[in-house]
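In what follows, a structure is listed as structure tokens, so that the remarks can point back to it.
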Amino acid sequence: MSRWKLMPPTALLLGAIAAPTVGAAVPLKIVGFEDMSCRAWSASKADAEQRALYVSWVRGVLTGHNYANPSQQVSAISSGTVEQYVNRYCTEKPLGNFSDAAFRLSDQFSGRNAVITK
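With mature numbering (1 follows the signal peptide of the UniProt record, and there is no 0) applied, the sequence shown corresponds to residues -24 to -1, 1 to 94, in that order.
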């Protein structure tokens, strides 16, 4: 007799429900600042030292991208370009996080123009 006929219908239902979660993506753990919001980014405009820290963090993300993706390097990019890009992103998505702007920046400037997928 087939094993499918021996399984109770509830077991089949539970298996079907659990199956999609088996390959679910692990949430990204961002090592950054306590407040990564676009609100915090915008507020840092008045604090040159804090803004410089934020820009340096974004540049570190780009360096990490280059390390992890040697065939899709982000070219040399100035701090001014980083700042302008994140300013534009945060203007368009004021409830977003500037960490997302850093990831989109790596997408755009590496020539990939697509979000990294596994």
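All residues carry an ideal CB built from backbone N, CA and C; glycine is no exception.
From a predicted model like this one, the values you see are computed outputs, not experimental measurements.
Cα separation between residue i and residue j?
{"i": "Asn73", "j": "Ser55", "result": "18 Å"}
{"i": "Gln26", "j": "Gln60", "result": "16 Å"}
{"i": "Gln84", "j": "Gln48", "result": "11 Å"}
{"i": "Ser13", "j": "Leu4", "result": "16 Å"}
{"i": "Val62", "j": "Lys69", "result": "10 Å"}
{"i": "Arg15", "j": "Leu71", "result": "7 Å"}
{"i": "Ser20", "j": "Ala44", "result": "29 Å"}
{"i": "Ala22", "j": "Arg64", "result": "17 Å"}
Mark residue i as exposed unless 16 or more other C-beta atoms lie within 10 angstroms of its C-beta, in which case mark it buried.
{"i": "Ser51", "result": "exposed"}
{"i": "Ala24", "result": "exposed"}
{"i": "Val7", "result": "exposed"}
{"i": "Val31", "result": "buried"}
{"i": "Pro46", "result": "exposed"}
Would a C-beta distance cut-off of 9 Å place residue i and residue j closer than the cut-off?
{"i": "Trp33", "j": "Cys66", "result": "no"}
{"i": "Leu38", "j": "Ala77", "result": "no"}
{"i": "residue 111", "j": "Ile53", "result": "The first residue shown for the chain is -24 and the last is 94, placing residue 111 beyond what the model contains."}
{"i": "residue 98", "j": "Val2", "result": "Summary: the structure shown does not reach residue 98, with the chain confined to residues -24 through 94, and so no result is reported for it."}
{"i": "His41", "j": "Ser75", "result": "no"}
Mind checking which residues open and close the alpha helix (DSSP H) that includes residue i?
{"i": "Gln26", "result": "Ala24 to Ala44"}
{"i": "Gln84", "result": "Phe74 to Phe85"}
{"i": "Ala16", "result": "Cys14 to Ala19"}
{"i": "Glu59", "result": "Ser55 to Glu68"}
Mind checking whether the beta-carbon of residue i lies closer than 8 Å to any heavy atom of the ligand HEM?
{"i": "Tyr30", "result": "This structure lacks the ligand HEM, and indeed carries no ligand of any kind."}
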